[in-house]
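Pasting the structure below:
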């Protein structure tokens with residue numbers, strides 16, 4: 222799961238000219254659905270951000286499987302200690318971009 226999160230964060234950070242069309246949003250959601258099923262994840266929340274503006278966001282899966290409550294964009298997740306890894310990657314990206 223960590224690799225999926227990092228892959229999404231890093232691959233999106235590389236592209237400066239992000240123009241989202243209905244087709245690209247659908248392709249993104251389909252790829253996320255495929256990866257979610259492949260990795261047997263319960264839910265995923267995602268966002269495409271450019272210049273501090275959220276261009277697109279969404280969620281897939283369940284926030285509560287027992288009660289069949291769907292995940293939403295604002296669903297809170299317990300991330301345990303992966304936040305340290307994500308913070309480290311973000312800092313290294315800033316160093317690479319000399320910010």
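Residue numbers (the working numbering): 222 to 320.
We put the CB at the ideal spot given by N, CA and C, even for glycine.
Boundaries around residue 285 are those of the beta strand (DSSP E), 274-285, since no alpha helix (DSSP H) includes it. DSSP, read as helix, strand or coil, puts residue 264 in strand. With fewer than 16 neighbouring CB atoms inside 10 Å of its own CB, residue 243 falls in the exposed class. Looking only at 309, 246, 271 and 282, the smallest Cα-Cα distance to residue 298 is reached by 282. Residue 241 places its beta carbon less than 8 Å from that of residue 276.
Only residues of its own chain outside the window of five on either side were considered, and among them 268 and 294 have a CB closer than 6 Å to the CB of residue 278, listed in chain order. DSSP, reduced to helix, strand and coil, places residue 299 outside both helices and strands of the structure shown, so it counts as coil. If you check the CB distance, residue 263 and residue 286 come in under 8 Å.
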